[in-house]
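Before any comments, here is the structure.
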Amino acid sequence: MARAATTADAFNAVAEPLRRDILDALADAERSVGEVVDLLGLGQPQASKHLRVLREVGLVDVRDEGRRRLYRTNAHALRPIHEWVSRYEEQWNERFDAVDTVLEELKESES
Numbered sequence: 012m013a014r015a016a017t018t019a020d021a022f023n024a025v026a027e028p029l030r031r032d033i034l035d036a037l038a039d040a041e042r043s044v045g046e047v048v049d050l051l052g053l054g055q056p057q058a059s060k061h062l063r064v065l066r067e068v069g070l071v072d073v074r075d076e077g078r079r080r081l082y083r084t085n086a087h088a089l090r091p092i093h094e095w096v097s098r099y100e101e102q103w104n105e106r107f108d109a110v111d112t113v114l115e116e117l118k119e120s121e122s
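The sequence shown begins at 12 in this note's numbering and counts up by one.
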């Protein structure tokens with residue numbers, strides 16, 4: 012079976028761990044490709060390729076400043092991912108709370 016195109020949508024784009032790392036790097040500041048390279052220890056062609064994919068699916072925006080291109084996250088485009096993950100966050104929190112209860116009961120029974 013052929014792999015899905017990584018540029019098809021935001022979910023496919025963030026399936027790649029390096030792209031998630033790049034989004035993390037851009038979460039708190041607008042950065043140039045060079046800054047992303049330095050921050051994450053990537054090669055410039057590799058960083059540019061991943062930034063292009065993120066830009067094509069709308070997860071990052073770019074603007075020119077002189078000779079530099081500055082990238083930043085597009086929070087609006089990240090919203091569907093956030094909403095999808097949030098559904099599972101509640102379920103996992105409930106499960107972790109149940110594990111905490113069992114652990115507390117075990118601690119009390121050992122005392």
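Ideal placement from N, C-alpha and C gives every residue a C-beta, glycine not left out.
Mind checking who residue i pairs with in its DSSP beta bridge?
i   : result
L89 : According to DSSP, L89 bridges with nothing at all.
D75 : R80
S43 : L81
Just to confirm, is the Cβ distance from residue i to residue j under 7 Å?
i   : j   : result
G69 : A88 : yes
Y82 : L37 : yes
V48 : A58 : yes
A26 : V64 : no
T84 : V96 : no
R30 : H61 : yes
I92 : A19 : no
Would you give the residue range spanned by the alpha helix (DSSP H) that residue i belongs to?
i   : result
D32 : P28 to A38
S59 : Q55 to E67
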